[in-house]
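S.K.: At position 88 of the sequence shown (counting the first as 1) the number is 248 in my numbering, and the numbers step up by one without a gap.
Yeah, the Cβ is synthetic: ideal placement off N, Cα and C, and Gly gets one too.
Take a look at this one; I'll ask things after.
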Amino acid sequence: MQESRLVKIDDLKKDSLDTSLLLQFPDPMKGSRGVCLVTEDIPLQLLYSAYIQGVFPWFSEEDGEPVLWCSPSPRFCIRMENLHIGHSIDRFLKKSPYRYTMDKAFSRVIEECSRMKRRGQRGTWIGSKMIEAYNLFHEAGFAHSVEVWHGENLVGGFYGVLIGSVYCGESMFTLESDSSKSAFALFARCFRDCGGLLIDSQSYTDNIARYGAENISRTAFLRLEGEALRLPLAKNLREQFESAVSGYPVQNPLTGDVHTGSQDLRTL
């Protein structure tokens, strides 16, 4: 049973987390970003409480903004019964030159995401505060990464937050064509097969739209999320992912030789 409590933000430590304690967020203000709260830092307890209530930090540290805790409407998400993975992605995976891993290089993934240039953005919204907070969230067991390797080079990946049967995607980077797109397809299918119910992508992107994502109202999202948060996954997601990638051959880009992904997983 979680306890709701009003706590002074200044009293929270960055790296302290009690999952039995829920810090209550105020209702969002009017506006597309749905700002609920403004703080100077991202304490771990507040970050955990935010995701339980459909809130996440969304701000530009580069532009000098404080930490804005947001619950936007509409919300862009994939209900797993609507997940669509095209045949072209499956064809690519059968001859993919990439290796796919999970939680092998979280800090590197978030650093690469912070450097990724985005269309229509002057800079990055992932600054030092976000990097520190999500690394701590990863150490606490809630933030996870998927990595894509070409040989020994990290060429793609993404990270997000997993609580119950909800996965909240945060950011993705791609250095080689189709690397992260194929990784997300693998991950989403494994998440569904483990009993996952909802992937929250927060705001619209063409990339995630191809998988069956849709905009829904904040009210509808909070109802779906509230139900899914209470349900644990039926299987271990990391084990399911590693089992899935072991079934795909990895083509050596230099020789054309093929071997299974499971051999590579043991070396990382």
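(1) Determine whether the beta carbon atoms of Ser305 and Asp250 lie at a separation below 7 Å.
(2) By the three-class DSSP mapping on this structure, what secondary structure does Glu330 have?
(3) If you reduce the DSSP assignment to three classes, tell me which class Glu222 lands in.
(4) Considering only residues of the segment 356-390, which uninterrupted alpha helix (DSSP H) runs meet the minimum length of 4 residues and lie entirely inside it, listed in chain order?
(5) Using CA coordinates, which residue listed in Val315, Trp309, Glu307 and Ile323 is at the minimum distance from Ala300?
(6) To the nearest angstrom, report how far apart Arg193 and Val227 are at their CA atoms.
(7) Could you have a look at Phe302 and say whether DSSP puts it in helix, strand or coil?
(8) What residues in its chain sit with their C-beta under 7 Å from that of Ile430, if we drop five residues either side in the sequence?
(9) Measuring alpha carbon to alpha carbon, tell me which residue in Leu393, Leu358, Arg390 and Tyr294 is nearest Ala380.
(10) Are the segment 180-192 and the segment 253-263 touching, with three or more C-beta to C-beta distances below 8 Å?
(11) Using a Cβ-Cβ cutoff of less than 8 Å, which residues in the same chain neighbour Lys174 once the five nearest sequence positions on both sides are dropped?
M.R.: According to the structure shown:
(1) Residue 305 sits at position 145 when you count from the first residue of the sequence shown. Residue 250 sits at position 90 when you count from the first residue of the sequence shown. Going by C-beta atoms, Ser305 is not nearer than 7 Å to Asp250.
(2) Along the sequence shown, one-based indexing puts residue 330 at 170. In the structure shown, Glu330 sits in a strand (DSSP, three-state: E or B).
(3) Within the sequence shown, residue 222 is the residue found at index 62, counting from 1. Coil.
(4) 366-369 and 378-389
(5) On the sequence shown, position 140 is the one that residue 300 refers to. When only C-alpha atoms are compared, the closest one is Ile323.
(6) Counting from 1 along the sequence shown, the entry for residue 193 is found at position 33. Counting from 1 along the sequence shown, the entry for residue 227 is found at position 67. The straight-line gap from Cα to Cα measures roughly 13 Å.
(7) Taking the first residue of the sequence shown as position 1, residue 302 is located at position 142. Looking at Phe302 - three-state DSSP - the assignment turns out to be coil, as it is neither helix nor strand.
(8) Residue numbering for the chain in the displayed model covers 161 to 428; residue 430 lies beyond these limits and cannot be assessed.
(9) Within the sequence shown, residue 380 is the residue found at index 220, counting from 1. Measuring from the Cα of Ala380, the nearest candidate turns out to be Leu358.
(10) no
(11) As a working mapping, residue 174 is identified with position 14 in the sequence shown. If we look at Lys174 and ignore the five residues flanking it on each side, its Cβ neighbours are Asp201, Ile202, Pro203, Leu204, Glu292, Ala293 and Leu296.
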